[in-house]
Amino acid sequence: MSQSIKRIGIVTGGGDCPGINAVIRAVAKTAIYQHGLQVLGIEDGFLGLLENRMIELSSERVSGILTRGGTILGTNNRCDPSRHYVGNDEDGNPRFEDLTDHCVKVVKRNELDALIVIGGDGTMECAAPLVKKGINCIGVPKTIDNDMVGTDITFGFHSAVAIATDALDKLHSTAASHHRVMICEVMGRNAGWIALTSGVASGSDVILIPEIPFSIDVICEAVMSRTHRGRGFSIIACAEGARPIDGEKMATNVDPTLPDPIRLGGIGAYVADEVGKKTGIETRHTVLGHIQRGGTPTPQDRILATLFGHHATELLMKGASGRMAVMREGKMQDADLLECAVGQRLVELDHPLIRAARAVRTSFGEYAANEA
Ligand code: F6P
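Read in order, the letters of the sequence shown correspond to residues 153 to 524 in our numbering.
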C-alpha cells in the first residue's frame, strides 16, 4: 500500500456523459472509507486546475449522485493546459501557451499527491504532459463514443446506445405508418460504435459507420429491395462520422482554438436528401445530438463507473503511477495512460456485430442488401 498518498484530486475533462458522478462517488467513497484520504474535486476540467478552483468532496457531498447525469464538478472540452488558447495574433491566427508548469504548481500548492483523471483520449492527452512532469495521474476511460484505446469499453457508451436505440425504435413506428425512409444521425466522432450497436439493437435496415464508407446507390438499392419485398419503410442508423466512398466527413463547425477543432454533423441530412431524390420515397432525418449524453446512466454504466472508480483508487493506493483503469475481456485491468492517450479505437471491419448484422440482411451501404 502506498503510504505517501494522503490527498487526491478528481478532474473530469472533455464532454460529459452519464456515469461521471458514479465514478466521482466511487473514487471519493473508496478513498475516504477505505484509505482515509482527503479528496478534492477540480471544477470545470483542466480549466479549473489552471484557475485553482477546487471543492472538498466529503462522503456527504458525493452521496445521492450515483444516478445523476452530468457531473457535479462541471467539465470543459475547450482547455488543454499544454496548448492554452490566449487570443489571436495580428494575422488573426490563434495563439497558444504551454501552461503545464503552472498546473504542476497548482497541484503542489494544494498538496495533491495524485489526480484521478476521468475522460476520453483528449483528456488523457491533456494529462500526459503532467504525467511527464511527475504528477501521478490515474485515468478512468469516459466517453459515449467508446473509442478509447486500451479498453474494451468506456462508461457512458451503454447509456448513449440505450438512448439511440430508443430513438430508432420510435422512428420505426412513425416510418411504418407513413411508409417513409427515416434516417437518424447519432454521435461517435470518428468511430461507429454508437451507430453500429444501436443500429443492430433496433434492427435498422441500413447502418452507416465511418469505418465503412458508403455508396448512395447501394443504400438506395437496399431501400428499394425492401419496397419490392413489400416493406413500405426503411430505417437508417447513421454515424455523424460516416462518409460517402468518394467524399469527406461532414462538419457543422471548425474552431481552431479548440483542442478538438472539428464538430462533425450534417451527413444524416445529406443521406436523406440523396435517398429521397433517387428513390422517390419520402425521407426524413433526425439528429439526436446531445440527448445522447444526457440523463441518468443505465444500470450497466452505473456498475461500470463504480468498478472503474474503485479500481482506479485501488491502483493508486497499490503504488501505481501513470496508469489507466481499463476493462479487458470482462476483467478490470490497467494500462499505460500515455499509450491510451494516443489515437482512437475504431470498429474492426470483422467485428462480430458487423458479421451478424450482414447475416440478417442489414446493409452497410457497401453491399446491396440482397448480396449480404
Ligand atoms: O466525444 C463525445 C461527443 O459527444 C462526440 O460524440 C461529439 O462528436 C462531440 O462530443 C460533440 O462535442 P460538443 O459537446 O463540443 O458539441
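Backbone N, C-alpha and C fix where the C-beta goes; we use that ideal spot for every residue, glycine too.
Complete alpha helix (DSSP H) runs within the segment 175-258 (minimum length 4 residues, chain order): 198-202
Proximity to Gly393 [Cα-Cα], best of Lys181, Gly197, Val338 and Ala280: Here the question's residue 393 lines up with position 241 in the sequence shown. Ranking Lys181, Gly197, Val338 and Ala280 by Cα distance to Gly393 puts Val338 first.
For the segment 383-391 against the segment 204-211, do three or more pairs of beta-carbon atoms, one drawn from each stretch, fall closer than 8 Å, so that the two count as touching? no
DSSP beta-bridge partners of Gln444: Counted from its first residue, the sequence shown places residue 444 at position 292. Beta-bridge pairing links Gln444 to no other residue.
With 16 other Cβ atoms within 10 Å as the buried cut-off, status of His532: This structure leaves residue 532 out entirely; the chain is present only between 153 and 524.
So, with DSSP's three-state summary, where would you put Arg378? On the sequence shown, position 226 is the one that residue 378 refers to. Here Arg378 sits in helix by DSSP.
Quick check: what's the CA-CA separation for Val512 versus Met479? The residue given as residue 512 occupies position 360 in the sequence shown. The residue given as residue 479 occupies position 327 in the sequence shown. Whole-angstrom Cα-Cα distance: 30 Å.
Closest to Arg378 by C-alpha separation, out of Thr164, Thr514 and Arg395, would be which residue? Start at 1 with the first residue of the sequence shown, and residue 378 comes out as number 226. Measuring from the Cα of Arg378, the nearest candidate turns out to be Thr514.
State buried or exposed for His331, treating a residue as buried only when at least 16 other CB atoms are found within 10 Å of its CB. If you number the sequence shown from 1, residue 331 lands on position 179. By the 10 Å Cβ count, His331 comes out exposed.
Who pairs with Gln485 in a beta bridge, going by DSSP? Numbered from 1 along the sequence shown, position 333 holds the residue referred to as residue 485. For Gln485, which the question treats as bridged, DSSP gives the partners Val478.
Applying the 10 Å Cβ sphere with the 16-neighbour rule, what's the burial state of His380? Along the sequence shown, one-based indexing puts residue 380 at 228. So His380 ends up on the exposed side.
If we call anything under 9 Å between Cβ atoms a contact, is Leu416 one with Gly291? By one-based count along the sequence shown, residue 416 stands at place 264. By one-based count along the sequence shown, residue 291 stands at place 139. Contact flag unset, no.
Is Gly166 a contact residue of the ligand F6P, with contact defined as CB to any heavy atom under 8 Å? Walking along the sequence shown from the start, residue 166 turns up at place 14. Answer for Gly166: yes, Cβ within range of the ligand F6P.
Candidates Arg261, Val494, Thr448 and Pro411: closest to Gly102 by CA position: Since the first residue shown for the chain is 153 and the last is 524, residue 102 is missing from the structure and cannot be characterised.
If I measure Cβ to Cβ from Met334 and keep anything under 6 Å in the same chain, skipping five residues before and after, which residues do I get? Numbered from 1 along the sequence shown, position 182 holds the residue referred to as residue 334. Answer for Met334: Leu323, Ala327, Ile387 and Arg436, listed in chain order.
Is it the case that the CB of Asp297 approaches a heavy atom of the ligand F6P more closely than 8 Å? In the sequence shown, the residue the question calls residue 297 occupies position 145. Yes; taking the cut-off as 8 Å, the Cβ of Asp297 has a heavy atom of the ligand F6P nearer than that.
How many angstroms separate the CA atom of Ala391 from the CA atom of Met276? By 1-based counting over the sequence shown, the position of residue 391 is 239. By 1-based counting over the sequence shown, the position of residue 276 is 124. Going by the C-alpha atoms only, they are around 24 Å apart.
Check for me: the alpha helix (DSSP H) holding Pro451 runs from which residue to which? Your numbering for residue 451 matches position 299 in the sequence shown. Per DSSP, Pro451 belongs to the alpha helix (DSSP H) from Pro451 to Met469.
Looking at the ligand F6P, does it come within less than 8 Å of His331, judged from the CB to the closest heavy atom? Along the sequence shown, one-based indexing puts residue 331 at 179. No, the ligand F6P has no heavy atom inside 8 Å of this Cβ.
Say whether the segment 461-468 touches the segment 173-184, bearing in mind that this needs 3 or more beta-carbon pairs closer than 8 Å, one atom from each stretch. yes
So what does DSSP say about Leu323, is it helix, strand or coil? As a first step, residue 323 must be located in the sequence shown, where it is residue number 171. DSSP places Leu323 in helix when its eight states are reduced to three.
Assign His310 to one of three DSSP states: helix, strand, or coil. Residue 310 sits at position 158 when you count from the first residue of the sequence shown. Helix, per DSSP.
Is the Cβ-Cβ distance between Gly216 and Asp168 less than 9 Å? Reading the sequence shown from its first residue, position 64 is the one you call residue 216. Reading the sequence shown from its first residue, position 16 is the one you call residue 168. No, they are not a contact pair.
So if DSSP puts Thr438 in a beta bridge, which residue, or which two residues, is it bridged to? Locating residue 438 in the sequence shown gives position 286, where the first residue counts as 1. Answer is Cys336.
Helix, strand or coil at Lys294 according to DSSP, with G and I counted as helix: Taking the sequence shown and counting its residues from 1, one reaches residue 294 at position 142. If DSSP states are grouped into helix, strand and coil, Lys294 belongs with the strands.
Between the alpha carbons of Thr219 and Ile160, how many angstroms are there, rounded? Here the question's residue 219 lines up with position 67 in the sequence shown. Here the question's residue 160 lines up with position 8 in the sequence shown. Straight-line Cα distance between these residues: approximately 23 Å.
Between Ala314 and Glu481, what straight-line distance do the alpha-carbon atoms span, to the nearest angstrom? Reading the sequence shown from its first residue, position 162 is the one you call residue 314. Reading the sequence shown from its first residue, position 329 is the one you call residue 481. Cα-Cα distance, rounded: 22 Å.
Could you check whether Ala457 and Ala266 sit closer than 9 Å to each other, using their CB atoms as the reference points? In the sequence shown, residue 266 corresponds to position 114, counting from 1. In the sequence shown, residue 457 corresponds to position 305, counting from 1. No, the pair does not count as a contact, with Cβ atoms beyond the cut-off.
How many Å lie between Cys372 and Gly432 at the Cα? Along the sequence shown, one-based indexing puts residue 372 at 220. Along the sequence shown, one-based indexing puts residue 432 at 280. Taking the straight line joining both Cα atoms gives about 10 Å.
Are there any heavy atoms of the ligand F6P lying less than 8 Å away from the beta-carbon of Met339, as far as the coordinates show? Within the sequence shown, residue 339 is the residue found at index 187, counting from 1. Met339: yes, Cβ under 8 Å from the ligand F6P.
Restricting to Cα atoms, I'd like to know which of Asn298, Ala477 and Arg510 is closest to Val358. Looking up residue 358 in the sequence shown gives position 206. The shortest C-alpha separation from Val358 is found at Arg510.
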